[in-house]
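Student: Got a structure for you, written out below as structure tokens; questions coming shortly.
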Amino acid sequence: MTNGAQDPIRNFTARAMLRIHCPFCGVRDHSEFTYGGDASIVYPPLDAGADEWHDAVFLRENVRGLQSETWHHVNGCRMWLIVERDTMTHEIVSVRPAHEGCATATSGDGKGEGQ
Ligand SMILES: [Zn+2]
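If you're matching positions, the sequence shown starts at 2 in the working numbering and goes up one per residue.
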């Protein structure tokens, strides 16, 4: 058994809340967000069979390390984000808008493309 100083999960929970840098609002506590799930899932076409839909909806990898996740900034800008987070250390490597058209709102003249 490891002690708290060597266990990244226990060390994290004892020290800090997860902080997510929303590209629209800035750094916020994770309590402003809801977790949306694994961002790497590719859903099948609507007319796909039940087995294919079952696998897409219910089967998930239990990733140990870097994982892409969707998060909804429900108590902020209400945008969906793709967050790359290490599941062992909770370190967030990157955050970007989930919808490509929204990415332009965070760069350039800030006017976006109106999507
Ligand atoms: Zn936001």
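A virtual CB, placed ideally from N, CA and C, is assigned to each residue, including glycine.
Please list the terminal residues of the continuous alpha helix (DSSP H) segment that includes V58.
Tutor: Along the sequence shown, one-based indexing puts residue 58 at 57. Start and end: 51-59.
Student: Determine the closest residue to G37 out of D56, L47, V75, F25, with distance taken between C-alpha atoms.
Tutor: As a position in the sequence shown, residue 37 is number 36, starting the count at 1. Of the listed residues, the one whose Cα sits closest to G37 is V75.
Student: Note down the Cα distance separating P98 from T71, rounded to an integer number of angstroms.
Tutor: Position 97 of the sequence shown, counted from the start, is the residue given in the question as residue 98. Position 70 of the sequence shown, counted from the start, is the residue given in the question as residue 71. If you take the alpha carbons of P98 and T71, they lie about 9 Å apart.
Student: Per DSSP, what are the beta-bridge partners of S95 in this structure?
Tutor: Along the sequence shown, one-based indexing puts residue 95 at 94. DSSP output for S95 lists E85 as bridge partner(s).
Student: So, at 7 Å on beta carbons, what are the nonlocal neighbours of L117 in its own chain, with the 5 sequence-adjacent residues on each side left out?
Tutor: The shown model of the chain, from 2 to 116, leaves out residue 117, and the question about it has no answer.
Student: Please determine whether the Cβ atom of H22 lies at a distance below 6 Å from any heavy atom of ligand 1.
Tutor: Mapped onto the sequence shown, residue 22 falls at position 21. No - ligand 1 has no heavy atom lying nearer than 6 Å to the Cβ of H22.
Student: Does R86 pass the burial test, meaning 16 or more other C-beta atoms within 10 Å, or should it be called exposed?
Tutor: Taking the sequence shown and counting its residues from 1, one reaches residue 86 at position 85. With 16 or more neighbouring CB atoms inside 10 Å of its own CB, R86 falls in the buried class.
Student: For F59, count neighbouring C-beta atoms within 10 Å of its own C-beta (all shown protein chains included) and say buried if the count is 16 or more, exposed if not.
Tutor: Taking the sequence shown and counting its residues from 1, the one referred to as residue 59 is at position 58. Classification for F59: exposed.
Student: May I have the straight-line CA-CA distance separating G66 from W81, to the nearest angstrom?
Tutor: Sequence index remark: in the sequence shown, residue 66 carries index 65 (1-based). Sequence index remark: in the sequence shown, residue 81 carries index 80 (1-based). So the alpha carbons of these two residues sit roughly 22 Å apart.
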